[in-house]
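Worksheet: the structure to be examined is printed underneath.
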Amino acid sequence: MRRLRIRLTRDGKDVVARISPYQADILYRALELVRGRNFGTAALAVQVGVGPEVVNSLTVRFAGEHTESFELRLSAAELHVLHSALTAAPLMFLDGRDRLFSEERFHQETGSFREHFDSLARSLVEEVSEA
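In this note's numbering, the protein residues as written are 9 to 139.
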């Protein structure tokens, strides 16, 4: 899906990402999920590679009702946090004794599908390799 492909252009050490409103919403929800689970600073660092200050800072950058696409300058470390949050979010919806993924709960809480989170995560990696 085109709307799930983040366009990145290199600008020195950083990249400039062109973010659509839907992408911003998914990224915001992923960051909110990882910061909201409150497993502690050490667990957050294992999960996304940074502490709560960085996650909070990124969350704020994606917050709000976006009605148009916008550009955002991101470092490689910030891209890593976004990718990690996107891939970690579905793991928070493992239910039952066998800890199986609950698509229904995921959709109810995020307003999106896991495939959209996965596709956005993959596009980050693909775009970085091409930028």
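Glycine is no exception: its CB is placed at the ideal position from the N, C-alpha and C atoms. All values derive from a computational prediction rather than experimental measurement.
Going by beta carbon distance, what residues of the same chain come within less than 8 Å of R11, once the five residues before and after it are set aside? Around R11: S28, Y30 and Q31.
Among D19, R18 and L66, nearest to L41 - alpha-carbon criterion: With distances taken between Cα atoms, L41 lies closest to L66.
So, do the region 48–66 and the region 84–97 have three or more beta carbon pairs nearer to each other than 8 Å? Three or more beta-carbon pairs drawn from the region 48–66 and the region 84–97 are found closer than 8 Å, and the two stretches are therefore classed as touching.
Give the range of the alpha helix (DSSP H) segment to which I34 is assigned. First-last of the alpha helix (DSSP H) with I34: P29 to G44.
Per DSSP, what kind of secondary structure is V58 in: helix, strand or coil? V58 falls in the coil class under three-state DSSP.
Within its chain, find whatever has a CB closer than 6 Å to the CB of R37; leave out the 5 residues flanking it on each side and keep chain order. These residues qualify, in order along the chain: T118.
Contact set for V63: own chain, Cβ-Cβ below 8 Å, skip 5 residues either direction: Answer for V63: L39, V42, R43, L52, V56, V89 and A93, listed in chain order.
V136 bridges to which residues according to DSSP? The partner list for V136 (beta bridge, DSSP) is empty, contrary to what the question assumes.
Looking only at its chain, what residues have a beta carbon closer than 6 Å to the beta carbon of L152, apart from the 5 residues adjacent to it on each side? The question about residue 152 has no answer here: the residues shown for the chain are numbered 9 through 139.
Which first and last residues belong to the beta strand (DSSP E) in which E73 is found? Looking at the DSSP string, E73 is not in any beta strand (DSSP E), and its letter there is neither H nor E.
The beta strand (DSSP E) enclosing R18, as first and last residue numbers: Its beta strand (DSSP E) spans residues R15 to D19.
Cut-off 7 Å between Cβ atoms - residues of its own chain near D22, not counting five sequence neighbours on either side: Excluding its 5 nearest sequence neighbours in each direction, D22 has C-beta neighbours in its own chain below 7 Å: R81, L82 and S83, listed in chain order.
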